[in-house]
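With positions in the sequence shown counted from 1, the corresponding number in the working numbering is that position plus 162.
Think of the CB as a built atom: it goes at the ideal place given N, C-alpha and C, for glycine as much as any other residue.
A short write-up of the structure that comes next.
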Amino acid sequence: MGKIKFGTDGWRGVISEDFTFENVKIVSQAMADYLKGEKIGEREIVIGYDARFLSKEYAHLVASVLAGNGIRVILSDRIQPVPCVCFAIKERKAAGGIMITASHNPFQYNGIKFKGEYAGSADDTTTKKIESFLYKNKPQEMDFEEGEKKGLIQTIDFTPPYLQFLKSFVNLELIKEASLKVIVDSMYGAGKDYTAQVLKEGKCQVITIRGEENPSFRGVNPEPIAQNLGALIDKIKEEKADLGLATDGDGDRLGVMDSEGNFVNPHQVLSLLTLHLIESRGWSGGIVKTISTTSLLNKIAEKHKREIYKTPVGFKYICELMLEEDILIGGEESGGIGVKNHVPDRDGLLSGLLLLEMLALKKKPLAQIQEEMAKEFGTYLYKRIDSEYPLDKRDILISTLKKNPPKELADIEVRQIDALDGIKFILKDNSWLLFRTSGTEPIIRIYAESDEEGKLEKIMEAGKELAFSI
163 MGKIKFGTDG WRGVISEDFT FENVKIVSQA MADYLKGEKI GEREIVIGYD
213 ARFLSKEYAH LVASVLAGNG IRVILSDRIQ PVPCVCFAIK ERKAAGGIMI
263 TASHNPFQYN GIKFKGEYAG SADDTTTKKI ESFLYKNKPQ EMDFEEGEKK
313 GLIQTIDFTP PYLQFLKSFV NLELIKEASL KVIVDSMYGA GKDYTAQVLK
363 EGKCQVITIR GEENPSFRGV NPEPIAQNLG ALIDKIKEEK ADLGLATDGD
413 GDRLGVMDSE GNFVNPHQVL SLLTLHLIES RGWSGGIVKT ISTTSLLNKI
463 AEKHKREIYK TPVGFKYICE LMLEEDILIG GEESGGIGVK NHVPDRDGLL
513 SGLLLLEMLA LKKKPLAQIQ EEMAKEFGTY LYKRIDSEYP LDKRDILIST
563 LKKNPPKELA DIEVRQIDAL DGIKFILKDN SWLLFRTSGT EPIIRIYAES
613 DEEGKLEKIM EAGKELAFSI
């Protein structure tokens, strides 16, 4: 299949190197062949795109190929976040959706995500079916204007219904009446000023930074992690704000800063929102987490007698459970969170609004709410490193550790081994260490969690030593 290979969430590549107009046509035709095989009839496909270089042009090309195959397309008339596109799929009862984005990847990348008719990430079966059609048939491309004239391509604004939904989902009046000051960092991505639009005309003051569209993201990777949020920290301190919210390039992930400009890791955010939905809203449902996500959620589930589910890394696995079971909330360590009564996908904008709702209700600083959570459930400190790792070692690392697992790490006994995704060593004191390798790159990912900083560092060092001794 040459350079076209689907990853955990669609296909991504370097613009003009492997993400070319020709390859976009090939992928579009494969998606068209898949959709025709699913006999979608007169149902439409929703297409959206982010702020990256040529995203609009790629979206128009995808629309032209689908139209050339007789498939009706509803195309966004502007840059939109992924959750907005997913909401359009659900609202219009479409046969699925396509999003032109490379999410949090550097500006040199672009990509294509396919969303199912259920408005969530494509599962492995769907992805493999689409891949099986690559290069099978010559792309059938229709002139864009001809597609419009024939009624096969319709261009509309997805924004109003989505923003109306956000307003109805949260306690809008409660947030508006709270005298909170929040800085929203859109990282030059698709989140734009939507949070400010939702909360306008109230006491809650929203200041948007990096809200303008910039295809290069001004050289900063649009991933809402601490090292990329210097501008947000500065603005929080300058404005003496209560909270900082950041969304990634396509708006489906959230990063959070407290009033002092301290980064609140996604495990903490997911746990806080879980407690908020249980204790403040009283909603039913289980909790889903990936294998790399905090054990704090297990404690919360235990206290509130909720089912807890564990999946491999990738929101598509959380999505599957959200479709099959009564799920309250699902999340992953990278900041993607999905909640019930919405679409079975991540929504960074809604997650931020729910956090604001929690602050407005509790009338306490975020740091204090975190302290109260730690007092009740314990301390959970987390670290992850991604390191270059030789390909020959990468391919044997997990199997070697399965055959010869360590009996202890950092002088703590290994109590349990979990090989659901990579290999995870759960220690006697409930600390844990996880190894995962990339399927496409010479990279190893090492994750760890413990209750003390010193212990966490020792476990991580033991992990690095173990990996590089093989």
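What does the alpha-carbon distance come out to for the pair G417 and V431?
Residue 417 sits at position 255 when you count from the first residue of the sequence shown. Residue 431 sits at position 269 when you count from the first residue of the sequence shown. G417 and V431: Cα-Cα distance of roughly 9 Å.
What are the start and end residues of the beta strand (DSSP E) that includes K343?
To locate residue 343, count along the sequence shown from 1; it is residue 181. Element bounds for K343: K343 to D347.
So, under 8 Å CB-CB, P377 and F215 are touching, yes? Tell me the CB distance rounded to an integer number of Å.
As a first step, residue 377 is located in the sequence shown; it is residue number 215 there, counting from the start. As a first step, residue 215 is located in the sequence shown; it is residue number 53 there, counting from the start. At roughly 4 Å, the Cβ-Cβ gap stays under 8 Å, so P377 and F215 are in contact.
Going by the DSSP bridge assignment, what does I274 pair with across the sheet?
Here residue 274 corresponds to residue number 112 of the sequence shown, with the count starting at 1. Partner(s): W173 and I262.
Can you tell me which of the three DSSP states K545 falls into?
Here residue 545 refers to the residue found at position 383 when the sequence shown is read from its first residue. In the structure shown, K545 sits in a strand (DSSP, three-state: E or B).
Might you give, ordered along the chain, the residues of its own chain that have their beta carbon closer than 8 Å to the beta carbon of K311, omitting 5 neighbours on each side?
Here residue 311 refers to the residue found at position 149 of the sequence shown. Around K311: no qualifying Cβ.
Within the same chain, show all residues whose beta-carbon is closer than 8 Å to that of A256, passing over the 5 residues directly before and after it, in chain order.
Counting from 1 along the sequence shown, the entry for residue 256 is found at position 94. Counting only Cβ-Cβ distances below 8 Å, and skipping sequence neighbours, we find R205, E206, I207, V208, I236, A250 and E279.
Measuring straight from C-alpha to C-alpha, what distance separates D355 and V475?
Numbered from its first residue, the sequence shown carries residue 355 at position 193. Numbered from its first residue, the sequence shown carries residue 475 at position 313. Going by the C-alpha atoms only, they are around 30 Å apart.
Could you say which of P245, F587, E375 and G392 lies nearest to Y324 if we only look at CA atoms?
Here residue 324 corresponds to residue number 162 of the sequence shown, with the count starting at 1. Measuring from the Cα of Y324, the nearest candidate turns out to be P245.
CA-CA distance, E469 and F320?
For this step, residue 469 is matched to residue 307 along the sequence shown. For this step, residue 320 is matched to residue 158 along the sequence shown. If I take the Cα positions, the gap works out to 35 Å.
One question on the structure: do L314 and A408 come within less than 8 Å of each other, judged by their Cβ atoms?
Here residue 314 refers to the residue found at position 152 of the sequence shown. Here residue 408 refers to the residue found at position 246 of the sequence shown. Not a contact, by the Cβ cut-off of 8 Å.
Using a Cβ-Cβ cutoff of less than 7 Å, which residues in the same chain neighbour K399 once the five nearest sequence positions on both sides are dropped?
Locating residue 399 in the sequence shown gives position 237, counting from the first residue. Answer for K399: G423, listed in chain order.
Could you please give the first and the last residue of the uninterrupted alpha helix (DSSP H) stretch that includes M520?
As a first step, residue 520 must be located in the sequence shown, where it is residue number 358. Looking at the DSSP string, the run of the alpha helix (DSSP H) that includes M520 is G510 to K524.
Flag L521 as yes when its Cβ comes closer than 7 Å to any non-hydrogen atom of the ligand SAH, and as no otherwise.
The ligand SAH is not among the ligands present in this structure, which contains no ligands whatsoever.
Excluding five sequence neighbours on each side, which residues of the same chain lie with their C-beta closer than 6 Å to the C-beta of F269?
Working through the sequence shown from its first residue, we reach residue 269 at position 107. Excluding residues within five positions, the ones whose Cβ falls inside 6 Å are S378 and F379.
Excluding the 5 residues flanking K525 on each side, which residues of the same chain have their C-beta closer than 6 Å to its C-beta?
Numbered from 1 along the sequence shown, position 363 holds the residue referred to as residue 525. Excluding residues within five positions, none has a Cβ falling inside 6 Å.
In the DSSP assignment, what are the bridge partners of T370?
In the sequence shown, the residue the question calls residue 370 occupies position 208. Paired residue(s): V346.
Pair within 8 Å by beta-carbon distance, L391 and D347
Locating residue 391 in the sequence shown gives position 229, counting from the first residue. Locating residue 347 in the sequence shown gives position 185, counting from the first residue. Closer than 8 Å, so yes.
For Y271, count the other beta carbons within 10 Å of its own beta carbon; 16 or more makes it buried, fewer makes it exposed. Which is it?
Position 109 of the sequence shown, counted from the first residue, corresponds to residue 271. Buried.
Does the region 551-559 touch the region 432-440, meaning 3 or more C-beta pairs lie closer than 8 Å?
no
Taking the beta carbon of G232 as the centre, do at least 16 other beta carbons fall within 10 Å, making it buried, or is it exposed?
Here residue 232 refers to the residue found at position 70 when the sequence shown is read from its first residue. Classification of G232: exposed, given that the 10 Å Cβ count is below 16.
Can you tell me whether DSSP reads M163 as helix, strand or coil?
Start at 1 with the first residue of the sequence shown, and residue 163 comes out as number 1. Confidence is the limiting factor: at M163 the pLDDT is only 41, short of 50, which leaves the residue's position unreliable, though a coordinate-based value still follows. Coil, per DSSP.
Give the single residue among P322, I449 and T455 whose Cα lies nearest to the Cα of F464.
For the purposes of this step, residue 464 is identified with residue 302 of the sequence shown, where counting begins at 1. It is Glu, not Phe, that sits at residue 464 in the sequence shown. Considering only alpha carbons, the answer is I449.
Rank S421, N267, I480 and L618 by C-alpha distance to the C-alpha of I574 and give the top, closest one.
The count along the sequence shown starts at 1 and reaches residue 574 at position 412. Of the listed residues, the one whose Cα sits closest to I574 is L618.
Does the beta-carbon distance from L336 to V360 come in below 8 Å?
For the purposes of this step, residue 336 is taken as the residue at position 174 of the sequence shown. For the purposes of this step, residue 360 is taken as the residue at position 198 of the sequence shown. Contact: no.
C-alpha distance - G540 paired with G175, whole-angstrom precision
Within the sequence shown, residue 540 is the residue found at index 378, counting from 1. Within the sequence shown, residue 175 is the residue found at index 13, counting from 1. For G540 and G175, the distance between alpha carbons rounds to 42 Å.
In the DSSP assignment, find the alpha helix (DSSP H) that holds M535 and state where it starts and stops.
Taking the sequence shown and counting its residues from 1, one reaches residue 535 at position 373. It spans L528 to F539 - the alpha helix (DSSP H) in which M535 sits, taken as one unbroken run.
By the three-class DSSP mapping on this structure, what secondary structure does I574 have?
Translated into the one-based positions of the sequence shown, residue 574 becomes position 412. DSSP places I574 in strand when its eight states are reduced to three.
If you run the structure through DSSP and keep just helix, strand and coil, what is R380?
Locating residue 380 in the sequence shown gives position 218, counting from the first residue. R380 falls in the helix class under three-state DSSP.
Answer yes or no: do I260 and M193 have a C-beta to C-beta separation smaller than 8 Å?
As a first step, residue 260 must be located in the sequence shown, where it is residue number 98. As a first step, residue 193 must be located in the sequence shown, where it is residue number 31. Cβ distance < 8 Å, so I260 and M193 count as in contact.
Looking only at its chain, what residues have a beta carbon closer than 7 Å to the beta carbon of I166, apart from the 5 residues adjacent to it on each side?
In the sequence shown, counting from the first residue as 1, residue 166 sits at position 4. Cβ within range, chain order: W173, N185, I188, V189 and L296.
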